[in-house]
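Taking it in order: structure first as structure tokens, then the write-up.
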Amino acid sequence: MLELQHVSYVAPDDGKEILSDVNLTIDDKFVAITGPNGGGKSTLAKVIAGIYPVSKGKILLDGADITALSITERAKAGVSFAFQQPVRFKGITVKDLVTLAAGKKITTAEVCTYLSEVGLCAREYVNREVNASLSGGELKRIEIAMTMARGTKLSIFDEPEAGIDLWSFSNLISVFRKMREKIGGNIIIISHQERILNIADKVIVIAGGKVTAEGSKEEILPALYADAAKEAACSVLMSKVEDK
Amino acid sequence: MDAIQKNLLKEIAGLHDVPTGAYNIRSNGGAAGRRSTANIEIVSKTDKPGIDIIVKPGTKNESVHIPVIISESGLKDLVYNDFYIGEGADVVIIAGCGIHNCGDQESAHDGIHTFHIEKNAKVKYVEKHYGEGDGNGENVMNPTTVIELGENAYMRMDTLQIRGIDSTVRVTKARLAAGAKLDIKENIMTHGNQHATTDFTVDLDGENSAAHVVSRSVAKDKSRQLFKSDVHGNNLCTGHTECDAIIMDEAKVDAIPALECNNVNASLIHEAAIGKIAGEQIIKLQTLGLTEKEAEEQIINGFLK
């Protein structure tokens, strides 16, 4: 279980408050965080992973205060974070990274199992370097495979669908469905995709650095889509007005 | 051989004992062992220190080990080795130099290696440099490699210098005939106050000749590195050089690449990138549970692999 108590984050470069007094309790298996771009979702993920230090407030993992822990210490305490933009490494292979993620020596067959689960033909990828020769979509899947290999009690995915093609997207949904069944802890997914939001136990909306709505998908999604439709209609009308 | 010499041999050639195939082991400026085979003859030079390694035409899948080890402090060793690789041969040559210096004087090994590679022959050449010792004496190595590649000949050269060499100037000169190909991969890591200079000159003389030179290096502490490359495209040819360096602490790296196209059909490219380890790479590995130091080690190990 993850708890955020009165968490705020102020960007060091311009002093702008990106998260303001966020209070959240995440104890459902599969939680989706959504909301407009620039609303603070990715910042929230980075604050949980320890990449950004909180300016105010507390973060608790299974009741233990992890606010002062470093990225490494939080990772060891059971936090995994799949980046929105995966990082490339010259010379480090897919197998190296998945092995580092597992935190122990694992066999090539085990690495291949993780890769197959995210829809990568393991034989082709296991010895490839995680460098610029891999596409964005391939990197995203490797990132997900690493998170699976870690198998921690909390896994955060920042827009896992970004950069993944339509065909692979169905696979991705089944990967998350499977993970949801297997995992003993909590999964947080930041996403704009209706199909991901639809498999969530809980949906949280973050806008302007605050939690603006929180509840089951049945409670949250209709209003969210109505708002989105309103905005879309509005922009169509506006463009017509501007055309004239 | 004593334990120190055996350890040096292990570091530079991966050898625990005398190798199979042809070999020549040079220890403290003298011969410590040699074996020729039916196809590979090793003979001493008569006019200067060094050996001639003569590989018969058509020799396939054979190897030659020519390690040099120095464990006497203050020894300055200069050696000329000439390789004659016969037409159509396909061989692996493993050279390397290990210095153990526990005294206060400078120990040095300067090797001048010349490769005469005939038509259609293939050579894989591996050279490792390693130094150790608890004295204040410096370990110096200045290897010169001269490569003459005949028609459709191929050479792959892998060089590795990771630890313990205080000063090195590596000079590599190559001349390629029609259809010849040259692949060079250099890995260097310097630390402390070490200096390393590498200087490549490649003449692409023949039609459809091709050269690919990749240097990857890590400069730590107050060490200095200089990378120079000069590729001349004198015919329809392709040349590619790449200098990729990670810089840490107060180290300095200079890259001076030069390309000279003397033919309208020559296609030459140089890429150079020098910079510190990307912060996001360290953060990613930290999110997997590695400390900052462990993350750096993994990134450097991968980079120099």
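Line order of the protein sequences matches chains A and B.
In case it helps, this note's numbering puts the first sequence at residues 1 to 244.
In case it helps, this note's numbering puts the second sequence at residues 245 to 549.
For glycine and all other residues, C-beta sits at the position ideal for the given N, C-alpha and C.
Quantities reported herein were computed from a predicted structural model and do not represent experimental measurements.
Query	Result
Of all Cβ atoms in chain B, is any one closer than 9 Å to the Cβ of G185 of chain A?	no
Just curious, the beta strand (DSSP E) that R419 of chain B is in, first and last residue?	S411 to L420
Can you say whether N364 of chain B is buried or exposed, counting buried as having 16 or more other CB atoms within 10 angstroms of its CB?	buried
Within a Cβ cutoff of 6 Å, which residues of the same chain sit near I432 of chain B, ignoring the five residues on either side of it in sequence?	Q405, A440 and S461
What residue does the beta strand (DSSP E) around R74 of chain A start on, and which one ends it?	Per DSSP, R74 of chain A belongs to no beta strand (DSSP E); it is in the alpha helix (DSSP H), I71 to A77.
According to DSSP, which residues form a beta bridge with Y324 of chain B?	B:G294 and B:I356
Could you give the first and the last residue of the continuous alpha helix (DSSP H) run that contains V98 of chain A?	V94 to A102
Please confirm whether G91 of chain A has its beta-carbon closer than 9 Å to some beta-carbon of chain B.	yes
According to DSSP, is V87 of chain A part of a helix, a strand, or is it coil?	coil
Are the CB atoms of A266 of chain B and I313 of chain B within a distance shorter than 9 Å?	no
What residues in the segment 511 to 540 of chain B bring their beta carbon closer than 8 Å to a beta carbon of chain A?	A522, E524, Q525, I527, K528, L529, Q530, T531, L532, G533, L534, T535 and E536
Please report the straight-line C-alpha distance between R270 of chain B and F444 of chain B, rounded to a whole angstrom.	27 Å
In chain order, what residues of the same chain lie with their CB nearer than 7 Å to the CB of K143 of chain A, ignoring the 5 residues before and after it?	Reading off the sequence shown, one finds Glu at residue 143 of chain A, where the question assumed Lys. These residues qualify, in order along the chain: A82, F83 and P86.
For A213 of chain A, collect the residues of the same chain with a Cβ closer than 6 Å to its Cβ; drop the 5 residues on either side in sequence, then sort them by chain order.	V205 and I220
Kindly identify the DSSP beta-bridge partner or partners of T442 of chain B.	B:R414 and B:F471
Counting only beta-carbon separations shorter than 9 Å, does L134 of chain A have a partner in chain B?	no
Strictly by DSSP, which residues pair up with N186 of chain A?	A:L154
Does the beta-carbon of H373 of chain B have 16 or more other beta-carbons within 10 angstroms, so that it is buried, or is it exposed?	buried
Whole angstroms are fine: how far does the CA of T403 of chain B sit from the CA of K429 of chain B?	6 Å
Would N325 of chain B count as contacting chain A if we go by Cβ distances under 9 Å?	no
For a contact defined as C-beta to C-beta under 9 Å, what are the partners of F471 of chain B on chain A?	Result: empty, since nearest Cβ-Cβ is about 17 Å, beyond 9 Å.
What residues of chain A sit near K549 of chain B, judged by a beta carbon separation below 7 Å?	G91
I need the straight-line Cα distance from G163 of chain A to A132 of chain A, nearest angstrom please.	15 Å
Could you name the residues of chain A that Q405 of chain B contacts, counting a contact when the two beta carbons are closer than 9 Å?	Chain A residues near Q405 of chain B: none, gap ~17 Å exceeds 9 Å.
Going by DSSP, what residues sit across from Y125 of chain A in a beta bridge?	Paired residues: none, contrary to the question.
Do we get a CB-CB distance below 9 Å when we pair I543 of chain B with the residues of chain A?	yes
Could I get the ranges of all uninterrupted beta strand (DSSP E) runs contained in the segment 494 to 520 of chain B, with 3 residues as the minimum, in chain order?	496 to 505 and 510 to 519
Compare the beta carbon distance of V94 of chain A and V47 of chain A with 9 Å and say whether it is the shorter of the two.	no
What first and last residue would you give for the beta strand (DSSP E) that runs through Y114 of chain A?	Careful: Y114 of chain A lies outside any beta strand (DSSP E), inside the alpha helix (DSSP H) at T108 to E117.
Taking only beta-carbon positions, decide if P12 of chain A is within less than 9 Å of chain B.	no
Where are the beta strand (DSSP E) runs, 3 residues long or more, that stay fully inside the segment 327 to 408 of chain B, in chain order?	334 to 344, 351 to 361, 366 to 376, 383 to 385, 388 to 393 and 398 to 407
Residues of chain B with a CB under 7 Å from the CB of V87 of chain A: which are they?	E524, Q525 and K528
Of the residues that make up the segment 98 to 123 of chain A, which ones have a beta carbon closer than 8 Å to any beta carbon in chain B?	L100, A101 and G103
Is it right to say D158 of chain A is buried, meaning 16 or more other beta carbons lie within 10 angstroms of its own, or is it exposed?	buried
Starting from the C-beta of I59 of chain A, find all residues in its chain whose C-beta is less than 8 Å away, skip the five residues before and the five after it, and write them out in chain order.	L2, E3, L4, Q5, V7, V47, I48, D65, I66 and T67
Determine the closest residue to D246 of chain B out of B:A276, B:G258, B:I256 and B:N268, with distance taken between C-alpha atoms.	B:A276
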